[in-house]
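When you read off a place in the sequence shown, starting at 1, and then add 2, the result is the number in my numbering. Glycine included, C-beta positions come from ideal geometry on N, C-alpha and C. Here the structure is a predicted model, which is why all the values come from computation and not from measurement.
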Amino acid sequence: MNTPYADLMKFFLTASSRGKPEFITPNRKIFEDRAVILRRFDEDRTGDPILIVPPQAGHHSSIADYAPNQSLVQTCLRQTTHPVYVIEWKSSTLSRKDETIDDLVKQTMMCVKKAGPPVILAGLCQGGWLSAIYTALFPDDVRALVLAAAPIDFAAGGGKIQDMVHTLPLMYYQYLVGCGGGNMSGDLMLMGWKMMNAYDRFVRDYLNLWINVQDKSYLKRARNFSRWYEYTQDISGRWYLEVVEKLFKQNRLIKGTLEVLCEYVDLQNISCPLALLAGERDDITLVPQVHNLEHYVSTPRDQIFKAVIPQAGHISVFMGKRALQHEWPSALAFIDEAAYAPGARITSADLKDMAVSA
């Protein structure tokens with residue numbers, strides 16, 4: 003029975019819904035250390051694995067497997083015959099507060115080796131620039147690279163984050179890290195994301211919830227999203243400050259002046275098939291910040307897939323229904339055709355397989 007009291011209870015219970023997000027597709031742990039868990043989602047498929055690299059931006063990695071009809075994992079399972087893996091990033095602890103971008107690359111390398119190179123790297127948001135760095139440093143480990151809502155040319159197109167990063171001095175971000183005892187607090191990052199669209203997060207979302215308070219399916223979706231969105235994870239303060247200074251402020255990845263593992267990251271080392279997905283309404287990673295990568299790699303133009311997903315905001319690029327039903331299947335099909343066509347690029351792993359076969 004619907005009463006004003008019952009509606010109020012449903013409203014407040016939904017608005018305050020919390021809990022740890024979970025992956026919704028059956029999987030098993032392949033590897034775990036203090037920083038990551040590597041999860042496998044298929045039943046012993048063979049071939050080059052797809053390794054999904056979710057973002058570390060204060061939220062849980064389960065965004066890659068969010069809901070039955072909003073799961074990049076399930077899209078990859080349906081649309082390809084590849085094994086499918088996801089890196090689950092753990093919340094940083096005080097013992098990990100001094101991890102650097104070097105450590106992120108090493109953690110990614112461990113997952114690549116456990117999955118079995120060459121892999122198809124699918125980097126989402128922050129996981130995208132990390133995947134691009136990894137591919138440039140270790141091109142033989144990567145069969146193809148897919149980037150979704152991933153900033154590469156950090157200075158292109160402007161946007162809210164660029165305005166904020168260039169307005170506020172590095173000292174401000176150092177202060178935030180100090181507040182977290184050396185880590186960047188997930189709660190502070192969440193508040194930052196909310197303040198970028200303050201009216202939507204603090205007014206419109208609650209108005210929509212009240213308007214739909216008698217819609218059970220809407221309430222279920224709202225609870226699911228709140229469980230993921232409000233659950234926060236900390237990240238290392240040291241690599242956070244490196245990213246603010248060297249990537250967002252100085253744009254070193256595009257300039258070729260970013261040093262990782264004692265080597266300058268040269269995007270020209272990327273020659274594998276490439277798919278670049280951006281959201282039309284993404285105000286966090288603007289379209290040119292993703293698509294401009296095509297001008298800095300060695301990949302032939304006919305092996306580069308680009309798409310702008312209509313009406314898609316940031317996370318909708320990799321978990322929205324439209325993207326997962328249209329652009330992602332097209333991108334995965336393109337990658338398969340480009341990577342495995344006669345005369346396609348050969349990696350060192352292929353040469354080893356040829357030697358064994360001989």
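Query	Result
Neighbourhood of aspartate 44 by C-beta distance below 6 angstroms, restricted to the same chain and skipping five residues each side	Pro85, Val86
Glycine 60 to tyrosine 231 span [Cα, whole Å]	9 angstroms
Residue span of the beta strand (DSSP E) that contains aspartate 67, given as start and end	67-69
Whole beta strand (DSSP E) elements within the stretch 46-87, 3-residue minimum	52-55, 67-69
Alanine 264 classed as buried or exposed, judged by whether at least 16 other C-beta atoms fall within 10 angstroms	Checking the sequence shown, residue 264 turns out to be cysteine, not alanine. So cysteine 264 counts as exposed.
For alanine 343, the residue or residues it bridges with in DSSP	Bridge partners of alanine 343: none, in fact.
Where threonine 169 falls, given that 16 or more other Cβ within 10 Å makes a residue buried	exposed
Outcome for glutamine 216 when other beta-carbon atoms lying within 10 angstroms are tallied against a minimum of 16	exposed
Same chain only: Cβ atoms within 6 angstroms of lysine 334, ignoring 5 sequence neighbours per side	Going by the sequence as given, residue 334 is leucine instead of lysine. The residues are Gln81, Thr82.
Residue from Thr287, Gly239, Tyr208 with nearest C-alpha to isoleucine 154	Thr287
Beta-carbon separation (whole angstroms), leucine 147 vs leucine 106, contact threshold 8 angstroms	In fact, because the Cβ distance is near 16 angstroms, the residues do not count as touching under 8 angstroms.
Residues sharing a beta bridge with isoleucine 89, DSSP	Leu40
For glycine 281: DSSP bridge partner residues	Ile311
Beta-carbon spacing of valine 167, phenylalanine 250 below 9 angstroms	yes
Residues near aspartate 143 by beta carbon distance below 7 angstroms, same chain, minus five either side	Val114, Pro119, Pro120, Val121
Contact check, arginine 145 vs serine 97, beta carbons under 9 angstroms	no
Proximity of serine 94 and serine 228 at Cβ, strictly below 9 angstroms	no
Spatially closest choice to alanine 66 from Tyr177, Ile317, Leu295, by CA coordinates	Ile317
Helix, strand or coil at glutamate 232 [DSSP, three-state]	coil
Bridge partners - glutamate 296, DSSP secondary structure assignment	For glutamate 296, which the question treats as bridged, DSSP gives no partner whatsoever.
Asparagine 185 in three-state terms, based on DSSP	strand
Residues near glycine 49 by beta carbon distance below 8 angstroms, same chain, minus five either side	Thr83, His84, Pro85
Given 8 angstroms, three or more beta-carbon pairs between the stretch 303-323 and the stretch 264-281	yes
Cβ-based neighbour list, aspartate 393, same chain, cut-off 8 angstroms, excluding 5 preceding and 5 following	With the chain covering only 3 through 360, there is no way to say anything about residue 393.
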